[in-house]
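For the sequence shown, position 41 matches number 73 in my numbering, and the numbering has no gaps at all. Don't be surprised by glycine CBs; every beta carbon is placed ideally from N, CA and C. What you are looking at is a predicted structure, and each value in this text was computed from that prediction instead of being measured. Presented below is the structure to which this report refers.
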Amino acid sequence: MTRNLRIGMGWDVHPFALGRPLIVGGVTIPHERGLLGHSDADVLCHALCDALLGAAALGDIGTHFPDSQPQYKDVSSLVLLKFVCRLIDQAGFGIVNVDMTVLAQKPKIAPYVTQMRRNLADVLGVEENAVSIKATTTEGLGFVGRVEGIAACAIALLYQTQGAAS
Numbered sequence: 033m034t035r036n037l038r039i040g041m042g043w044d045v046h047p048f049a050l051g052r053p054l055i056v057g058g059v060t061i062p063h064e065r066g067l068l069g070h071s072d073a074d075v076l077c078h079a080l081c082d083a084l085l086g087a088a089a090l091g092d093i094g095t096h097f098p099d100s101q102p103q104y105k106d107v108s109s110l111v112l113l114k115f116v117c118r119l120i121d122q123a124g125f126g127i128v129n130v131d132m133t134v135l136a137q138k139p140k141i142a143p144y145v146t147q148m149r150r151n152l153a154d155v156l157g158v159e160e161n162a163v164s165i166k167a168t169t170t171e172g173l174g175f176v177g178r179v180e181g182i183a184a185c186a187i188a189l190l191y192q193t194q195g196a197a198s
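Printed below as a string of structure tokens:
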């Protein structure tokens, strides 16, 4: 049986802001600043949403969850990700695996990766070994290196489920 595979890529950036919790991959990380955004600004979940939507050719996160809509104010990005999973399922696709990288000078992300993988695997409905998360710095370069914000990128591989439209 041949499966129709689709790859999608997502990228997101959020600046740091005082008075907000820092949430990455559904994990609240102790830090003096959180990320600025309409939702909880979970940069990793946002990049993953875009990768999944892109692979299924369903637009982008801003199309589905515009910051002009009050119902998305401070919402958990895990809720947004769950909605995206329903969309790709309805479009006739399943998730093979996802691979993500968080770019952050500070705080250190590595101690939280295991819990992030668990959180995302649970929402995606896949085994934890189908979720890869890496963390890196930018060696002091750019906005990430100046500790002005965090960026994340994600790649998702989808397969066409039986009976899905081509």
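Collapsing the DSSP output to three states places V128 in a strand. In this structure, DSSP gives F175 a helical state, which the three-state scheme calls helix. When C-alpha distances from P98 are compared across I120, A87, A73, D121, the shortest belongs to A73. By the neighbour-count criterion, in which 16 or more other beta carbons inside 10 Å mark a residue as buried, I39 falls on the exposed side.
Listed in chain order, the beta strand (DSSP E) runs fully inside the segment 73-143 are 125-135, counting runs of at least 3 residues. Taken through DSSP and simplified to helix, strand or coil, V158 comes out as coil.
For L50, the three-state secondary structure derived from DSSP is coil. Here A79 has G42, W43, D44, M132, A184, C185, A186 as same chain residues with Cβ atoms under 7 angstroms from its own Cβ, once five neighbours each way along the sequence are excluded.
Nearest to P47 by alpha-carbon distance, out of L189, T95, R65, R149, is R65. In this chain, the beta strand (DSSP E) harbouring T60 covers 59-61.
The continuous beta strand (DSSP E) containing S164 extends over residues 163-168.
With the rule of 3 Cβ pairs closer than 8 angstroms, the segment 47-64 counts as touching the segment 148-165. Looking at the backbone, the Cα of G126 and that of N161 are separated by about 16 angstroms.
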